[in-house]
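Here is the structure we will look at.
Numbering (our numbering), first residue to last: 61 to 620.
And the structure:
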């Protein structure tokens, strides 16, 4: 016998009956109002929180890009670079996933490098004759590729931040290792190591003295550590730890500055051996450079500037890259440079292209005042797509119409080991243009006995942008690394005479015609700086520690 409910149905059928008949009775039932307000409020809270988080990340990315731009040449507010990684660190340690950290870091890197490399667009558009669309593609494409370094760094921070107090140290080691890895990749394959944190300190002689011990990588590591420490100090919820990180960053900065001040105060006041030099900046317009109608005008400029060297007891005069409208091995350029050397009694170093063995080289020629046989140096590191097409067969199969930007076509790289050029019994190192960014080349020439360095370039391609100032900063760090003076001659600027400690003794302004003269102190022997003797020891240590700990933390994270 069944028990019936109020509807006369068995209890087990009552639930189904209600579900079936409820639509008919619903108009007569009094229902409680639906709780829509809490759900709507929750959605609004989530939307507001997401918007605030997005704005926070966007502000941090823009602040990072701004600090990098303001600290790097041309503005060169160098002290700001010590804080440049702070807003980036503050943002990236709050992200909860590897791919979100990787993508955010890449987007931040794109903003940073788009600001630093805006001159690529101008160079391609006005110097290379490319369309605005292709110029923009080259500029943004390069920025996107360069930003991969930022992305890898940010992705690794997702794991390294688990180590808490050790995070700023490991992050600084990681940044240094990635910068150095990029330079090595460019040395042996392809890359564009134009930027490092260390180059931003070019106008602070006290800071860059560390480079003679650990290279530019050492300067970059110090700058990166302070920036990450400040950012992490604001990100950590522990007040004492944050204060400790800030104090440690301040101690590192003061320690680096103090060491540099001590090193500069103990350098020799005078040298028994000095070289009376001249660096010439003819300021020849890039549009006139290869136009036959301006050839005589260019020759007159070179002749007039060369005549001013007579009677000044100059031992070496340095001219920029591509100083003549044609190869200096050919007439009338050969007679012109030989005449200047003989009339002034000074050795003349001039850049020009050279034909040999069915190939074209970018070279620097040394003219003796006695009329002795020419000696030269061939450029070993060429500018990608400016002087040669990397992986040419593959690239041409994909882009049949691709060409280099220069008017003279593609060049071949010179041999890695070339004898040093010499003025009498004084050997010196020679680099051309883009080779200034490869510390490996400068170390090799310093170890071979170079007493000073010459860097010649034609930066007229860059017009009035930040690029000539950025290029000058690189030469300053090379001088501090090798403890050798650097004579830098640029067609339209910026030419400079740089001491062995990285201090600028004389400098010509951009887009001006000038002749710089100075007595450059030279080392009495072939004494090598610690960096030259031991090479990239610091970068190796950074890479070993960084990758060992990073891989360990990643394995631990996935297993546990």
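Cβ coordinates follow ideal geometry from the N, Cα and C atoms, glycine included. Bear in mind the structure is a predicted one, so any value in this text is a computation, not a measurement.
The Cβ-Cβ distance between residue 508 and residue 547 does not fall below 8 angstroms. If you draw a straight line from the Cα of residue 335 to the Cα of residue 420, it is about 32 angstroms long. Exclusion of the five residues before and after residue 263 leaves 136, 138 as the residues of its chain whose Cβ lies within less than 7 angstroms of its Cβ. In the assembly as shown, residue 381 is a buried residue. Its beta-carbon has 16 or more other beta-carbons within 10 Å. Here residue 336 carries a strand assignment [DSSP, helix/strand/coil]. For residue 402 and residue 351, the gap between their C-alpha atoms comes out near 29 angstroms. Distance from the Cα of residue 565 is smallest, within the candidate group 536, 317, 176, for 536. Contact check for residue 148 against residue 124 passes: the beta carbons are separated by less than 8 angstroms.
Residue 250 and residue 113 have their C-alpha atoms some 38 angstroms from each other. Contact annotation: residue 272 and residue 555 have beta-carbon atoms that are not nearer than 8 angstroms.
In the DSSP assignment, the residues bridged to residue 416 are 419. The Cβ neighbour count for residue 541, taken over all protein chains shown within 10 Å, is at least 16; the residue is labelled buried.
For residue 408, the number of other beta carbons within 10 angstroms of its own is at least 16, and it is reported as buried.
With a threshold of 16 other beta carbon atoms within 10 Å, residue 221 meets it and is buried.
Inclusion of residue 497 and residue 254 in the CB contact set at 8 angstroms is warranted, their separation being smaller than that value. Here the alpha carbon of residue 279 sits roughly 41 angstroms from the alpha carbon of residue 429. When the beta-carbon positions are compared, residue 151 and residue 117 come within less than 8 angstroms of each other. Closest in alpha carbon position to residue 445, among 202, 491, 369, is 202. Fully enclosed alpha helix (DSSP H) runs of no fewer than 4 residues occupy 265-268 of the segment 238-277, in order along the chain. Boundaries of the beta strand (DSSP E) around residue 436: 435-438. DSSP links residue 567 through a beta bridge to 556.
For residue 378, the number of other beta carbons within 10 angstroms of its own is at least 16, and it is reported as buried. Counting the other Cβ atoms within 10 Å of the Cβ of residue 109 gives fewer than 16, which makes it exposed.
Counting every other CB atom within 10 Å of its CB across the protein chains shown gives residue 276 a total of 16 or more, marking it as buried. Scanning the segment 153-207 from its first residue to its last, the whole alpha helix (DSSP H) runs of 4-plus residues come out as 158-176, 179-182. Residue 581 has 334 as its beta-bridge partners, per DSSP. For residue 274, the closest C-alpha among the options 265, 596, 354 is that of 596. In this structure residue 312 is not in contact with residue 217, their Cβ atoms being roughly 19 angstroms apart against a cut-off of 8 angstroms. Shown here, residue 445 sits in coil according to DSSP, grouped into three states, outside any helix or strand. Taking the Cβ atoms as the reference, residue 370 lies roughly 5 angstroms from residue 404, within the contact range of under 8 angstroms.
DSSP places residue 374 outside any alpha helix (DSSP H), giving it a letter other than H or E.
Linking residue 449 to residue 246 through their CA atoms gives a straight-line distance of about 14 angstroms. Using a C-beta cut-off of 8 angstroms, the segment 484-497 makes contact with the segment 432-442, since at least three inter-stretch Cβ pairs fall below that distance. Boundaries of the alpha helix (DSSP H) harbouring residue 305: 299-325, taken from the DSSP string.
Residue 489: member of the beta strand (DSSP E) spanning 486-492, first to last residue. For residue 354, no beta strand (DSSP E) segment is defined, and its DSSP state is neither H nor E.
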